[in-house]
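Residue numbers (our numbering), protein chains in the order written: chain A, 1 to 389; chain B, 1 to 308; chain C, 1 to 268.
From the three backbone atoms N, C-alpha and C, an ideal C-beta is built for every residue, glycine too.
This one's a predicted model, so the numbers in the text were calculated from it and none came from an experiment.
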Amino acid sequence: MAFPDRFDGLPAAPRCEGVYKVTGDTRGNNVAIDVLGVTKVFGAADSGFRALDKVSASIRQNEFFTLLGPSGCGKTTLLRLIAGFEFPTEGRILLDGEDIAALPPFRRPVNTVFQSYALFPHLTVAKNISFGLEMLGWPATKIASTVERMLALVKMEPMADRLTDQISGGQQQRVALARALAPNPRVLLLDEPLSALDFKLRKEMQIELKRLQGETGITFVFVTHDQEEALTMSDRIAVMSAGRILQVGSPREIYDRPTERFVADFIGETNFLEGEAKVAGDRLLEVRLDAGATVKATAPDAALHAGRTTVAVRPEHADLVPGDGPADLTGVLKNIVYFGTDTHFHMTLDNGVPFIVRQQNTPGEGSGFSIGEQVGVRLHADAAQALKD
Amino acid sequence: MQPHEVEQAAIRRGTMRRWLLSAPALVIIFLASFGPLFVMLAFSVLEKGDYGGVKPWTFSFDGWANVFFQHDIFTGELGFADAHLSIFWRSVRLSIITTALTLVLGFPTAYFIATRPRKTREIWVFLVTIPFWTNLLIRTFAMQEVIRNEGVINTVAMRLGMISEPIQIMYTDWAVLFGMTYVYLPLMVLPLYASMEKLDFRLVEAAYDLYANRFKVLRRIILPLTKPGIIAGSILVFIPSLGAYVTPRVLGGGKNMMLGNLIGLQFGKGNNWPLGAAISITLMVVVMVALLVYVRATARAGGDDRGR
Amino acid sequence: MAGKRHFDVRRQPGFAFVAMFSFFALYLPMALLVVYAFNAGDSLALWEGFSFRWFVSAWQNDTVQDATLRSVIIAVCAAVLATSAATMAALATTRTRPYRGQTFTYALINQPLMIPEIVTAVALLIVFSRIKVWTDYSGLGYLIAAHTAFCVPFAYLPIRARLESMDLSLEVAAADLYATPWKAFRYITLPLLRPGIIAGFMLAFVISLDDVVITEFVKSGGQDTLPTYMLGQLRRVVTPEINAIATVFLAFSVVIVTAFFLMTRKKT
Chain A
1 MAFPDRFDGL PAAPRCEGVY KVTGDTRGNN VAIDVLGVTK VFGAADSGFR
51 ALDKVSASIR QNEFFTLLGP SGCGKTTLLR LIAGFEFPTE GRILLDGEDI
101 AALPPFRRPV NTVFQSYALF PHLTVAKNIS FGLEMLGWPA TKIASTVERM
151 LALVKMEPMA DRLTDQISGG QQQRVALARA LAPNPRVLLL DEPLSALDFK
201 LRKEMQIELK RLQGETGITF VFVTHDQEEA LTMSDRIAVM SAGRILQVGS
251 PREIYDRPTE RFVADFIGET NFLEGEAKVA GDRLLEVRLD AGATVKATAP
301 DAALHAGRTT VAVRPEHADL VPGDGPADLT GVLKNIVYFG TDTHFHMTLD
351 NGVPFIVRQQ NTPGEGSGFS IGEQVGVRLH ADAAQALKD
Chain B
1 MQPHEVEQAA IRRGTMRRWL LSAPALVIIF LASFGPLFVM LAFSVLEKGD
51 YGGVKPWTFS FDGWANVFFQ HDIFTGELGF ADAHLSIFWR SVRLSIITTA
101 LTLVLGFPTA YFIATRPRKT REIWVFLVTI PFWTNLLIRT FAMQEVIRNE
151 GVINTVAMRL GMISEPIQIM YTDWAVLFGM TYVYLPLMVL PLYASMEKLD
201 FRLVEAAYDL YANRFKVLRR IILPLTKPGI IAGSILVFIP SLGAYVTPRV
251 LGGGKNMMLG NLIGLQFGKG NNWPLGAAIS ITLMVVVMVA LLVYVRATAR
301 AGGDDRGR
Chain C
1 MAGKRHFDVR RQPGFAFVAM FSFFALYLPM ALLVVYAFNA GDSLALWEGF
51 SFRWFVSAWQ NDTVQDATLR SVIIAVCAAV LATSAATMAA LATTRTRPYR
101 GQTFTYALIN QPLMIPEIVT AVALLIVFSR IKVWTDYSGL GYLIAAHTAF
151 CVPFAYLPIR ARLESMDLSL EVAAADLYAT PWKAFRYITL PLLRPGIIAG
201 FMLAFVISLD DVVITEFVKS GGQDTLPTYM LGQLRRVVTP EINAIATVFL
251 AFSVVIVTAF FLMTRKKT
């Protein structure tokens, strides 16, 4: 086992300079963490609660990877498995190609930013940051310079000698970050670190986190239930539900090309339309919607999907048009909700299914539509995404 | 009546009511606990009576002088009161060791209780509470059962062939030490438990995440964070140990006196009330100083763990 | 690795062992004391069979009966007086803005806890012996007064805690519904305060019953309570009769503590 040596024998860890060295793992790609078929059951093996059910994922080096899902979906459990506070019931977790299942948390080159920050109240800001380094047995001069660098990195130099309860929530957040980054871990785990901050501070910290990830080059595994946060910050997102990973992809893939109903529903707003599909090409379906029109829809995967299917259409991928003009779908306008940047038009299609259209607002007069009016919808090209059943 | 007069009257009524309600408690404590301390202070500077008591209105500092000094019986020279000093020293030493022993036993015990699941935790706390409220004399007597020559320790050790003759524990400093550790252990465990119950284990988790091992977590995180409990427990054990009367009397016998017994003696066979009063006041001052240290230490420790 | 389900952040090696030793050490002596109370022989070392003879002999011992009765009388009087005084004091000192003399009141109420018992005991001996000479009264009044004084802080504690956790707006609501201050106290405050008062009473009762040191110095001749009687006996040759008395005493304490524990627990 390589990690214990790295942290026991050598006072100065080889990578403490903060320079990231890309080293491929045994399989030749740049995977930092490999989660291989991990199942975690709390309680009895057969009747207990399955927090994770055969989860697999590869987290690449130098990547901002987000685990997104509602509370109870298992995302925090997966984080704690990587950190070493829980051990998998089944499956393996590899760090740089090595199985770390047997290592206690203090032997794993992985650090966590806790949801509660968990700053030590009896230690100063600087002492909090140096804690991990002291535990690793770094020489004092090295610790001092690293702490200084970390304080500068999170812009907390003036607060170095304060106790952690004498600083604001946003500052505590920065200290927690600096403390976890100081030992220059292979992977930084962030457990909903922004949830305690107010809206404005959260926005600032989102940008700050991205900056820190870029500057340190450390792999970030970020847990959140906030889809907007996930979309703005991540390189890749894993959407989780009920102990399973449903879809992994870039924010754009996840948003534009959701493959499952849950993913489409959980992230952003979506209209669901039922229809009859037949194959129309490579990963392309032609769907005759129950609501009327026939549309081309992207297939969720390479497998053929003929028959009944559900198609997702984002509200902003459609235009509202007057009822007497040409349109893909028609219905009655039920409600108009003004959102500042855009307006939501709630309508009921002719077959009784609700449908929402979102339109950017322009200065000047209103939309020109009124409630109760007969209206039509024109779908953008490529707007329809077929879902797995 | 003007509005402000109404308000003033209401405030006056409130103040009256408050003092009237507090009066019975304050009066009884003043008459039967606090006030007598001043009378004792006066007695400490009077001349001792021939058969106990004092000679009224005859001032003398003999009582105070005798705390530390004595006239040699034969030569009449003034020297240190060796007997008193050795009792002082024994009291302080035994109290410190008792505090240390109860801490060594009590800390893991309190930690053990605090880390039990919430339901069973109450039962463990209850098991500590029972001895806490059980008669001290009975518990001292129970300890005597264990350590006397025919007691459990000696019987078992002899049966096992570890010793051939019983070890004399009764009427030694060891007996007093075992006894005090035994009777005061709950006093250490309960405040320790109170501070450990508040311990945020997410901090412990964070320390493990930052490469601290079991021992370092204990020393760098758990110990500092439970310091208020350690100080409270130590003071709660040290103070009654220093003034212990029953345990050294029963287990230590006449030769292994502590301060409490020395005081008691002056009001009994010693017939030297001014000396007894002077030693009492000395003991009280030491206790007050210890309490003051405690208050200051907790004020500081309290400042450290705000916002937990 | 096998079988380990999670990394236990709460575990500290050896702590459970020390804890078990502590519990064992806390209960072994008391268990032995109880066991030998049932010894048929008159030794505290040799087991000669099971018997209730020492309970019977204790029961028939006039001195023990006397001392028990005296203990109970003193404890009941002291607990009633201390609880009443403590309840009033708690009503006066809680739920108000800080006022002049509040610190003084707190300090005086808690004073008996801060002084070693032996010091209070001899101070009381000095004062009461004078008063005995002046008034020629040497009854139980001195003991009751002394016990009441050191019971007050114990009774005060749970009552104050109960008051502080109480919702102030209830009395305001009562006043709003035309209750006079007395009626608001009688029908709202007092019923809500009852668990605290009972807990305070029980603590005071046990504390008074257990007292050795102060009683030993304040009592006049022939005024032994059960604990001082036992203390006197311990200097002589001890028979299991003492164990029998201690066992009954112990059982009684356990019952009261259990009741107290269950009562204070129900609140949460």
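Closer than 8 Å to chain B by CB, VAL22(A): Because the pLDDT at VAL22(A) is just 37, under 50, the model does not fix this residue reliably, and the value given afterwards should be weighed accordingly. No, VAL22(A) lies away from the interface with chain B (no Cβ there is under 8 Å from its Cβ).
Status (buried if at least 16 other CB within 10 Å, exposed otherwise) for LEU284(A): Taking all protein chains shown into account, LEU284(A) has fewer than 16 neighbouring C-beta atoms within 10 Å of its C-beta and is therefore exposed.
Pick from ASN256(B), GLY229(B) and LEU283(B) that is closest to ALA297(B), judged by C-alpha positions: That would be GLY229(B), whose Cα lies nearest to the Cα of ALA297(B).
For ASP224(C), three-class secondary structure by DSSP: DSSP places ASP224(C) in the coil class of the three-state scheme, outside both helix and strand.
Distance between beta carbons of GLY376(A) and ARG322(A), contact taken as under 8 Å: Per the sequence shown, the amino acid found at residue 322(A) is Pro instead of Arg. The pair is a contact, with the Cβ atoms about 7 Å apart (cut-off 8 Å).
Beta-carbon neighbours of ILE130(B), restricted to chain C and to distances below 7 Å: Per Cβ cutoff of 7 Å: VAL254 and VAL257.
Buried versus exposed, by CB contacts within 10 Å (16 or more), PRO117(B): PRO117(B) is exposed by the Cβ-count criterion.
Straight-line Cα distance separating ALA57(A) from THR259(A): Cα to Cα, the separation comes out at about 17 Å.
Chain B contact for PRO289(C) (CB, 8 Å cutoff): As displayed, chain C neither begins before 1 nor continues past 268, which places residue 289(C) out of reach and without an answer.
Close beta carbons around VAL54(B), own chain, < 8 Å, minus the five adjacent residues each side: Taking C-beta separations shorter than 8 Å and ignoring five residues to either side along the sequence, the partners of VAL54(B) in its chain run PHE43, LEU46, GLU47, LYS48, TRP273 and PRO274, following chain order.
Cβ pair LEU242(B), VAL183(B) closer than 8 Å: No, these two residues do not count as a Cβ contact at 8 Å.
At least three beta-carbon pairs within less than 8 Å, the region 53–62 of chain C to the region 188–197 of chain C: Result no; under three Cβ-Cβ pairs closer than 8 Å.
Runs of beta strand (DSSP E) lying entirely within the region 29–53 of chain B, each at least 3 residues, in chain order: Those beta strand (DSSP E) runs which fall completely within the region 29–53 of chain B and span 3+ residues are 46–48.
GLN65(C) burial status per 10 Å Cβ neighbour count (16 or more: buried): Residue environment: GLN65(C) is assigned as exposed (fewer than 16 neighbouring CB atoms within 10 Å of its CB, all protein chains considered).
Segment limits, alpha helix (DSSP H) that includes ASP265(A): Per DSSP, ASP265(A) belongs to the alpha helix (DSSP H) from 261–266.
is_contact[PRO300(A), chain C] using C-beta, thresh 8 Å: Answer no: the Cβ-Cβ gap between PRO300(A) and chain C never drops below 8 Å.
Three-state secondary structure assigned by DSSP to LEU123(A): Three-state DSSP puts LEU123(A) in coil, outside helix and strand.
Anticipated Cβ contact below 8 Å, LEU181(A) with LEU188(A), distance rounded: Sure, about 7 Å apart at Cβ, within 8 Å.
Which of helix, strand or coil DSSP assigns to VAL18(C): Three-state result, VAL18(C): helix.
PRO258(A) - DSSP class collapsed to helix/strand/coil: DSSP places PRO258(A) outside both helix and strand once states are collapsed to three, so it counts as coil.
Outcome for GLU145(B) when other beta-carbon atoms lying within 10 angstroms are tallied against a minimum of 16: Flag for GLU145(B) reads buried.
Chain-ordered neighbours of TYR99(C) on chain B, where CB pairs are closer than 8 Å: Here the neighbours are THR15 and ARG18.
Neighbour-count burial assignment, LYS255(B), 16 or more Cβ in a 10 Å radius: Counting Cβ neighbours within 10 Å, LYS255(B) comes out exposed, since fewer than 16 surround it.
Chain-ordered chain B contacts of TYR36(C) [CB-CB under 9 Å]: Going along chain B in sequence order, the residues near TYR36(C) (Cβ under 9 Å) are GLU145.
4 or more residues per run - each alpha helix (DSSP H) lying fully within the region 70–130 of chain B: Whole alpha helix (DSSP H) segments, 4+ residues: 82–114.
DSSP-derived helix/strand/coil call for HIS6(C): Three-state result, HIS6(C): strand.
Check whether PRO310(B) and VAL127(C) have beta carbons under 8 Å apart: For residue 310(B) there is no data in the structure shown, the boundaries of chain B being 1 and 308.
CB contact check: THR112(A) to chain B, cutoff 8 Å: Answer yes: the Cβ-Cβ gap between THR112(A) and chain B drops below 8 Å somewhere.
Identity of the residue in GLY268(B), ASN213(B) and ALA232(B) nearest GLU134(A) by Cα: It is ASN213(B).
LYS210(A) beta carbon near the ligand ATP (any heavy atom closer than 7 Å): Absence of the ligand ATP is noted for the structure shown, with no ligands found whatsoever.
Proximal residues to GLY233(B) (C-beta, below 6 Å), its chain only, five neighbours per side dropped: Excluding residues within five positions, the ones whose Cβ falls inside 6 Å are MET188, PRO191 and LEU192.
Beta carbon proximity, GLY84(A) to chain C, threshold 8 Å: It does; some Cβ of chain C falls within 8 Å.
Proximity of LYS40(A) and PRO88(A) at Cβ, strictly below 8 Å: Cβ atoms of LYS40(A) and PRO88(A): closer than 8 Å.
Buried or exposed (CB count within 10 angstroms, at least 16 for buried), GLU63(A): When all chains shown are included, GLU63(A) counts as buried.
Closer than 8 Å to chain C by CB, THR26(A): Residue confidence is low: THR26(A) scores 40 on pLDDT, short of 50, so the model does not pin down where it sits. Its coordinate-derived value is still stated next. Judged by the 8 Å Cβ criterion, THR26(A) is not in contact with chain C.
Residues that DSSP places opposite ALA297(A) in a beta bridge: LEU285(A) and ALA384(A), per the DSSP bridge assignment.
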